[in-house]
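Down below is the structure, laid out as structure tokens.
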Amino acid sequence: MLLTSALISGIGLGSMYGLIALGFYLTYAVSGTVNFAQGSSMMLGAVLTFAFAQTLGWPFALAVCLALALCALYGLVVEFVAVRPFVRRGSDAWLMATVALGIVLDNVVLFTYGKEPRSLPSSLAQAPIELGGVGLGVYPLQLVIPVVGLLLAALLHTLSRRTRWGTAMLAVVQNRVAARLMGIPIRRVIAVAYALSTLLAGIAGVLIAPLFNVNADMGTLFGLKAFAVAILGGITSAWGVMAAGLLFGIAEALITTTLGSGFTQILSFTLVIVALALKPSGLFGQVATKKV
Amino acid sequence: MPSSSLPAKPVAGRRAVVASALALAVAASWAPARAAEPLKIGLVTALSGQSALAGEAISRGAQVAIDEINAKGGLLGGRMLELVRRDDESNPAKGVVAARELIFKEKVALIIGGLDTPVAMAIVPLVNQEKMPFVDPWAAGTAITKNGANPNYVFRVSAVDESVDIGMLGYAQKTFKSAKPGMILINNPWGESNEKGLKDALAAKGVAPAGVEKFETNDVDVVPQLTRLKAAGADTLFLVANVGPSAQVVKSLDRMGWKVPIVSHWGPAGGRFTELAGPNGKEVHFVQTYSFFGKQSPVGERVIKAMAAKYPNVKGPGDITPAVGVANAYDSMHLAALAIAAAGSTDGEAIRQGFYKIGRHEGLIKTYNKPFAEGRHDALGPDDYVWAQFIDNRIVPVGVGN
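Quick mapping for you: the protein sequence lines, in order, are chains W and F.
Numbering-wise (numbering that gives the first Met the number 0), the first sequence opens with residue 0 and increments by one.
Numbering-wise (numbering that gives the first Met the number 0), the second sequence opens with residue 0 and increments by one.
Below, the structure written as structure tokens:
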């Protein structure tokens with residue numbers, strides 16, 4: 000019983016980390032850069048959904064669609080403002096620039112939305128699942144999250160193999176110069192990767208909001224853990240990243256349940272370091288080869 | 000909102016203005032020229048950000064008390080009190096800058112301040128060094144008044160963590176017959192301070208805790224921690240966290256289907272707790288120093304009336320919120336005025352001694368009797384707390400301390 004609920008809650012949380020980490024994977028694969036402030040993108044999805052659905056009272060589906068569309072748009076902005084100008088000059092300053100843009104976004108939200116945490120109600124997070132009259136410790140939403148996470152990873156996988164844009168992305172990953180010579184618009188491919196990456200984070204935000212409360216700094220810790228997950232999974236594999244997310248989430252929940260909350264952060268991040276020391280390219284990653 | 004039997008605001012407001020204008024005019028014409036110089040009282044609190052509402056409550060409580068004092072002719076031979084407010088944005092560094100400005104530029108006689116414990120802790124060394132009397136109407140950190148300085152210029156009219164912890168245990172034992180309480184605490188200095196206080200309180204009564212669990216402000220799921228406490232046989236939970244994380248605990252309990260009494264510090268009172276925590280938010284019992292609901296003392300009725308007359312958005316007791324901010328600041332200001340009157344001057348050391356000379360004072364929270372003494376700088380103790388729940392989205396008192 001103790002371990003069952005820990006497992007389920009770990010899988011739920013882990014797939015959130017996985018979803019956000021997939022965003023890291025996407026942009027890293029095609030451009031070698033990431034938006035370090037993925038946590039802020041996740042927060043944006045939750046805050047916009049709250050604003051449209053609760054404050055303005057629009058239908059929930061419309062609110063979610065619009066919020067996600069704006070998240071994707073924000074991804075384009077991140078790429079255009081904080082990544083492209085630096086990459087063009089061969090500078091690594093996009094690293095700081097994406098963090099800075101995330102801080103700007105957090106504070107704009109603080110300023111407009113307010114600092115007070117709010118609640119986004121959902122019919123999937125009202126009554127816990129019961130088995131024979133005993134609460135299992137999970138809302139239905141917590142089971143929906145991993146399903147959505149795995150579906151999205153599968154979708155991403157299929158898209159990259161079966162569609163023109165997907166193959167274009169893969170081509171950019173494999174050989175940038177050749178891809179350009181083949182007439183693939185590299186810049187546009189990278190921009191789309193960024194849009195998709197913040198879109199994924201936005202989906203994570205919308206999914207987590209009813210379990211959590213919506214506020215401007217809700218994404219900070221998530222973004223950090225998701226990055227650890229992306230590195231752990233080996234940032235070059237979609238399935239690897241998703242699996243690492245699940246592993247991390249389950250490890251966290253199991254450590255808390257068995258050893259106590261005092262050990263959670265210490266042990267889970269120590270495990271990450273140990274895993275990377277043993278397998279520097281990540282659990283599921285391929286060794287990067289530099290061609291000279 | 001409850002219907003109120005309060006007078007129509009605009010008329011009363013005008014009346015109050017006329018009255019205070021008259022009082023001012025009288026004081027100005029009769030008192031010697033020097034006495035007419037206003038006596039400045041500084042206020043350092045959060046006026047923007049997450050705690051802005053609480054900061055506004057403190058401002059209002061202090062202002063209503065100042066209006067009463069001025070209506071009676073001010074202090075020190077007719078000097079009118081004037082409240083000079085500065086925003087600390089819940090930031091310790093900004094709090095210190097604000098306090099400095101009040102001391103050196105505004106030349107205030109006394110500072111009221113301290114909403115967040117870290118901000119108050121940052122200001123304490125400065126006021127002790129500059130011999131500036133400081134009255135804390137909110138921040139509960141034990142070390143604020145027990146700061147080790149001699150002489151100590153810091154006084155408090157608010158809850159104190161170590162007393163709240165004794166109160167939490169007493170209330171849990173009385174109300175829920177708790178024999179094996181578990182702690183679920185936020186992982187920050189505030190949680191730390193209460194972990195120590197609760198452990199001391201439990202040890203003093205020979206009770207062993209079921210366990211101590213910590214959680215982070217941004218933890219989504221507290222089920223693992225709570226599962227441990229449940230497995231350890233906790234029959235009551237002691238909760239210490241701000242409103243958001245407190246709500247996460249209630250939601251996690253809800254998921255587990257674990258109905259256990261929760262006795263909490265005053266975190267849940269600081270925001271939209273029932274919205275965040277859902278229907279079970281009302282099950283949480285938390286500490287308050289005062290409630291404007293229920294039968295009021297004459298002082299309570301007077302304050303509600305004055306608040307409604309002065310502030311257009313106050314239509315009843317439910318709008319005087321957070322109640323502890325208003326009540327603590329109101330009593331703080333009156334006690335400070337008594338100390339200044341006893342000192343007979345605005346000299347810091349004389350005012351400090353003045354606090355010890357306060358005898359009986361019929362305040363809002365209680366009737367104080369020699370509230371301060373050397374080594375005892377907290378006017379409120381475990382017996383002065385009231386226990387409240389959110390009922391119909393309002394903070395309603397449900398019990399008193401021992």
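No residue lacks a Cβ here, since even glycine has one placed at the ideal position from N, Cα and C.
Bear in mind the structure is a predicted one, so any value in this text is a computation, not a measurement.
If we ignore side chains and look at the alpha-carbon of each, how far apart do F/A30 and F/T273 end up? Only weak support exists for where F/A30 lies, its pLDDT of 48 falling under 50; the value from the coordinates is given anyway. Approximately 53 Å between the Cα atoms of the pair.
Could you tell me whether the Cβ of F/F389 comes closer than 7 Å to any Cβ of chain W? no
Looking only at its chain, what residues have a beta carbon closer than 8 Å to the beta carbon of W/L205, apart from the 5 residues adjacent to it on each side? Residue 205 of chain W is actually Val in this sequence, not Leu. Only G44, A45, T48, V63, A66, L67 meet the Cβ criterion.
Report the residue ranges of all beta strand (DSSP E) runs contained in full by the region 139-222 of chain W; include only those spanning at least 3 residues, in chain order. none
Using a Cβ distance threshold of 8 Å, determine whether the region 178-192 of chain F contacts the region 233-245 of chain F, with at least three qualifying pairs required. yes
What three-state label does DSSP hand W/P120 in the structure shown? Annotated three-state conformation of W/P120 is coil, per DSSP.
DSSP beta-bridge partners of F/K204: F/K204 is not bridged to any residue.
As a quick exercise: from F/M79, F/L38, F/E55, pick the residue whose alpha carbon is nearest that of F/L101. F/L38
How would you label F/P472, buried or exposed, when you count the other beta carbons within 10 angstroms and need 16 or more for buried? The structure shown does not extend to residue 472 of chain F, since chain F is modelled only from 0 through 401, so no value can be given for it.
Measuring only between beta-carbons, confirm whether F/E212 sits less than 7 Å from chain W. yes
Is the CB of F/D220 under 7 Å away from at least one CB in chain W? yes
Output yes or no for whether 7 Å exceeds the beta carbon distance between W/K224 and W/Y16. With a cutoff of 7 Å on beta-carbon distance, W/K224 and W/Y16 are scored as near each other.
Where does F/A32 fall in DSSP's three states? Any answer about F/A32 is weak, because its pLDDT of 47 lies below 50 and its placement is not dependable; what the coordinates show is given next. Reduced to three states, the DSSP call for F/A32 is helix.
How about F/S162 and F/P381: are their beta carbons less than 7 Å apart? yes
Count the other CB atoms, across all protein chains shown, that sit within 10 Å of the CB of W/G182; report buried if there are 16 or more and exposed otherwise. Around the beta-carbon of W/G182, fewer than 16 other beta-carbon atoms lie within 10 Å, marking it exposed.
Contacting residues, own chain, Cβ-Cβ under 8 Å from F/I40 (five flanking each side not counted): A61, I65, L80, E81, L82, V83, V107, A108, L109, I110, I111, M332, A335
Quick one: using the 10 Å Cβ neighbour count with 16 as the cut-off for buried, is F/A167 buried or exposed? It should be noted that the sequence gives Met, not Ala, for residue 167 of chain F. It counts as buried.
Any C-beta of chain F sitting closer than 7 Å to the C-beta of W/A5? yes
Do W/G38 and W/F268 have their C-beta atoms closer together than 7 Å? It is not a contact, given that the beta carbons lie outside the stated cut-off.
Return helix, strand or coil for W/L12, following the three-state DSSP convention. Residue state, collapsed to three classes: helix.
With distances taken Cα to Cα, identify the nearest neighbour of F/R155 among F/W257, F/M255, F/A119. F/A119
Is it buried or exposed, F/S89, if we count other Cβ atoms within 10 angstroms and call 16 or more buried? Buried.
Inter-stretch contact (C-beta, 8 Å, three-pair minimum) for the region 309-320 of chain F and the region 271-285 of chain F: no
Please report how far the alpha carbon of F/A35 lies from the alpha carbon of F/E361, in whole angstroms. 28 Å
Going along the chain, which residues of its own chain have a beta-carbon closer than 8 Å to the beta-carbon of F/L201, five neighbours each way excluded? L168, P180, A207, P208
Contact set between F/E274 and chain W, taken where Cβ atoms lie within less than 8 Å: R117, S118
Which residue marks the beginning of the alpha helix (DSSP H) containing F/F237, and which one marks its end? Per DSSP, F/F237 belongs to no alpha helix (DSSP H); it is in the beta strand (DSSP E), 235-239.
Burial state of F/S2, where buried means 16 or more other Cβ atoms lie within 10 Å: With a pLDDT of 41 at F/S2, under the threshold of 50, the modelled position of this residue cannot be trusted, and the question is left open.
Alpha carbon to alpha carbon, how far is W/M241 from W/L18? Give it in angstroms, no decimals. 7 Å
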